[in-house]
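Chemist: Quick one: this structure, given as structure tokens, is what I'll be asking you about.
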Amino acid sequence: MLGIDNSKLITLFNVNAERNIPSLYAGFQLLLSSFILSAVAVVKRQTKGSYVKHWYGLSIVFLYLTLDEWFAIHETLNPALNDLAKILPSARLDIFNLVFVIVFVVVYLKFLLNLSPRIKSLFILSGSLYVMGAIALEIIGVHYFPHIYNQPRLVSQILSTVEELLEMLGLNLFIYAILSHLASLPIRTLSIEVVDESLSIKKGLEISHYQ
Numbered sequence: 001m002l003g004i005d006n007s008k009l010i011t012l013f014n015v016n017a018e019r020n021i022p023s024l025y026a027g028f029q030l031l032l033s034s035f036i037l038s039a040v041a042v043v044k045r046q047t048k049g050s051y052v053k054h055w056y057g058l059s060i061v062f063l064y065l066t067l068d069e070w071f072a073i074h075e076t077l078n079p080a081l082n083d084l085a086k087i088l089p090s091a092r093l094d095i096f097n098l099v100f101v102i103v104f105v106v107v108y109l110k111f112l113l114n115l116s117p118r119i120k121s122l123f124i125l126s127g128s129l130y131v132m133g134a135i136a137l138e139i140i141g142v143h144y145f146p147h148i149y150n151q152p153r154l155v156s157q158i159l160s161t162v163e164e165l166l167e168m169l170g171l172n173l174f175i176y177a178i179l180s181h182l183a184s185l186p187i188r189t190l191s192i193e194v195v196d197e198s199l200s201i202k203k204g205l206e207i208s209h210y211q
């Protein structure tokens, strides 16, 4: 009624759709996270800091998530997993995602514990929000309320909106956390003297960079 279902404007801002404004925004969030993480990794490497590979690893993971958000890579996996699920019921995309999160936490646990208390808390909170939106709500909905997505359009749209909202909030908080961590790294000032022989004047040039 009223042409809402066919409205291009609604589709353009539908958080449950692909290749639209919310998807583009989420992709930029992920890409920015990847860029900041790589910056932290570079600084850590230059100053012989700890867990350099872990920072690079995080950057690569977020770069993949960016590509998946923009090009819907996961959609190419769904048909194969659906066929596999007929043979092995546990072969679902949400289950694979959950297993990935568990393995990721195990690998990065020591890295997480090494962070400062404030950054550690921000990482845990942002990660919890993102996982809750990306995986947990879907698993709960599918396993405990199997017909939730077959409910009236308003119900399914509300659920999808909550999922996407949690993901975006988690990413915003994560970006704040890694920017705060980058800003907390010590700064070293390198002084370079440039001599102008024709005027016999020394000019000081200061270049600052992060450690």
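Taking the working numbering, I'd label the letters of the sequence shown as residues 1 to 211.
Here a beta-carbon is modelled for each residue, glycine too, at the ideal position from N, C-alpha and C.
All values derive from a computational prediction rather than experimental measurement.
1. So, ALA177 versus LEU122, is the Cβ gap smaller than 8 Å?
2. Which residues in the same chain as SER160 place their Cβ atom closer than 7 Å to its Cβ, once the five residues preceding and following it in sequence are excluded?
3. Cα separation between LEU169 and SER126?
4. When the Cα atoms are used, what is the spatial distance from SER34 to LEU9?
5. Using only the alpha-carbon positions, how far apart do SER59 and ASN114 sit?
6. When you measure from the CB of LEU32 to every non-hydrogen atom of the ligand NAD, does any distance come out below 7 Å?
7. Beta-carbon within less than 8 Å of LEU24's beta-carbon, same chain only, minus the 5 sequence neighbours each way: which residues are those?
8. Just to confirm before moving on: does the CB-CB distance between TRP55 and ALA72 stay below 8 Å?
9. Exposed or buried, what is PHE100 when buried is set at 16 or more other beta-carbons lying within 10 Å of its beta-carbon?
10. Which residue from GLY27, LEU179, ALA39, ASN97 puts its Cα closest to that of LYS226?
11. May I have the straight-line CA-CA distance separating GLU163 from GLN29, to the nearest angstrom?
12. Do you know how far the Cα of GLN157 is from the Cα of PHE13?
13. Can you tell me where the alpha helix (DSSP H) with GLU18 in it begins and where it stops?
14. Since VAL43 contacts LEU137 with CB under 8 Å, what's their CB separation in whole angstroms?
15. Between SER180 and ILE119, how many whole angstroms is the CB-CB distance? I'm expecting something under 8 Å.
16. Classify ILE21: buried if its beta carbon has 16 or more other beta carbons within 10 angstroms, exposed otherwise.
17. Can you list, in chain order, the residues of its chain with a C-beta nearer than 7 Å to that of THR66? Leave out the 5 residues immediately preceding and following it.
18. Over the uninterrupted alpha helix (DSSP H) stretch that includes SER50, give me the two end residues.
Modeler: Reading it off the structure:
1. Yes. Within cutoff.
2. Once the five neighbours on either side are set aside, the close Cβ partners of SER160 are VAL15, ASN16.
3. Taking the straight line joining both Cα atoms gives about 8 Å.
4. Approximately 30 Å, taken between the alpha carbons.
5. So the two alpha carbons sit approximately 18 Å from each other.
6. The model depicted lacks the ligand NAD and carries no ligand whatsoever.
7. Answer for LEU24: TRP70, listed in chain order.
8. Cβ atoms of TRP55 and ALA72: not closer than 8 Å.
9. It is exposed - the Cβ of PHE100 has fewer than 16 other Cβ atoms within 10 Å.
10. Given that the chain is displayed from residue 1 to residue 211, the structure contains no residue 226 and the question cannot be resolved.
11. Between the C-alpha atoms of GLU163 and GLN29 there is a straight-line separation of about 16 Å.
12. So the alpha carbons of these two residues sit roughly 12 Å apart.
13. No alpha helix (DSSP H) contains GLU18, which DSSP labels as neither H nor E.
14. At roughly 36 Å, the Cβ-Cβ gap does not stay under 8 Å, so VAL43 and LEU137 are not in contact.
15. With 8 Å as the limit, SER180 and ILE119 qualify as a contact, their Cβ atoms being about 6 Å apart.
16. Burial call: exposed.
17. Counting only Cβ-Cβ distances below 7 Å, and skipping sequence neighbours, we find GLY27, LEU30, LEU31, SER34.
18. Counting along the chain, SER50 sits inside no alpha helix (DSSP H), nor does DSSP assign it H or E at all.
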